[in-house]
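Q: Mind having a look at this structure? Questions to follow.
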Amino acid sequence: MPREDLGSLALFLAVADERNFTRAAVRLGVSQSALSHAIRRLEAKLGLRLLTRTTRSVSPTVAGERLLDTLRPALEAIDATLTSLTELRDRPAGTIRITTSSHAARTILWPAIDRLAADHPDIAVELSIEAGLTDIVAERFDAGVRLGERLEKDMIAMPIGPKLRMAAVASPGYLAGRGTPRTPGDLARHRCINLRFVSSGGLYVWEFEKDGRELKVKVEGQLVLNDVALAVDAAIAGHGIAFMLEDHVSAGLADGRLVRVLADWCEPFDGHYLYYPSRRQPSQAFSLLLDALRYRSAP
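Each residue of the sequence shown is one higher than the one before, counting from 6 in my numbering.
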């Protein structure tokens, strides 16, 4: 295959991933017109339409999908080989891209990356803070970090933090005026502060567990927010009951601005895991990150 065709295949993959010529051009650092011309030239050479174009989006045709099925693993294998070549250098090097939640980034990833960056100046790390799940293969991330109960399939998963626990909290003033819920069912009589997922747009359903019994409760209230810190502020201000990870409300509980309720319905659950494709051959840089993040429980 001529060398220019290999380049055109990489351009085609970028457009298929982005579903948009403009975004793909920005990602590749080329002009949109040059990118469009390269794809048309590739289609003309094959005698097949690879992409369906509309005014709003771009999507692969049946032929394009078949090409992608072969092209993705082939280019990933080439990338893995190129990455492994960095191990021939005197010092570990390379870029590691990770998608993660904000909580995991601050509490777990950053302390490890802070040390790793200081010890290995040739290793670059990119963190992408995402509220929802991300397809790390399609988005070309090296790894992702999510809660254990939300792991993707066909991935190697490694625990990187302790078990976590949720907390339902409200201000003392709110509870004095509205009473204290004793069971999750009592929340129907309370104002609750809802959290909306940024990625899906759906509302978070509150999840409780006690003695092996699980309950999912859809709550209602005056406020719907998509920022955890703001939800904490709203609870402190007396606008209702909020429900989130203990870490987010520990300061408010410590100084008395918040009071915990339904604690017996909030059992610990699996914490954060780092996951990555099972077919990936870890580079030296990635192996160093794995070792830095590996969770070692207290004896």
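For each residue, glycine too, the CB sits at the ideal point set by N, CA and C.
If you run the structure through DSSP and keep just helix, strand and coil, what is His372?
A: As shown, the chain starts at 6 and ends at 304. That puts residue 372 outside it, with no answer to give.
Q: Please state if the CB of Ala43 and the CB of Leu14 are separated by a distance shorter than 7 Å.
A: Against a cut-off of 7 Å, the Cβ pair of Ala43 and Leu14 comes out as no contact.
Q: Whose C-beta lies closer than 6 Å to the C-beta of Val229 among residues of the same chain, with five residues either side of it excluded?
A: Cβ neighbours of Val229 beyond the five flanking positions: Asn199, Arg201.
Q: Would you mind giving the Cβ-Cβ distance between Ala39 and Leu55, rounded to the nearest angstrom? I have them listed as a contact below 8 Å.
A: Incorrect: roughly 17 Å between the Cβ atoms, too far for contact.
Q: Using only CA atoms, which one of Pro189, Tyr278, Arg299 lies nearest to Ala268?
A: Out of Pro189, Tyr278, Arg299, Pro189 has the C-alpha closest to the C-alpha of Ala268.
Q: For the beta strand (DSSP E) containing Pro189, name the first residue and the last one.
A: Counting along the chain, Pro189 falls outside any beta strand (DSSP E), and DSSP gives it neither H nor E.
Q: Relative to the C-alpha of Met160, which candidate in Phe274, Pro287, Pro282, Ala297 has its C-alpha closest?
A: Taking only the C-alpha atoms, the option nearest Met160 is Pro282.
Q: What number of angstroms, rounded off, separates the C-alpha of Leu51 from the C-alpha of Pro97?
A: Taking the straight line joining both Cα atoms gives about 41 Å.
Q: In chain order, what residues of the same chain have a beta carbon less than 6 Å from the beta carbon of Val174, not counting five sequence neighbours either side?
A: Cβ neighbours of Val174 beyond the five flanking positions: Ala240, Ala247, Val254, Leu263, Arg265.
Q: Can you give me the start and stop residues for the beta strand (DSSP E) that Thr100 sits inside?
A: Element bounds for Thr100: 99-105.
Q: In angstroms with no decimal places, state the Cα-to-Cα distance between Leu33 and Asn25.
A: Cα-Cα distance, rounded: 12 Å.
Q: I'd like to confirm the pairing. Which residues does DSSP put opposite Pro164 in its beta bridges?
A: DSSP output for Pro164 lists Tyr278 as bridge partner(s).
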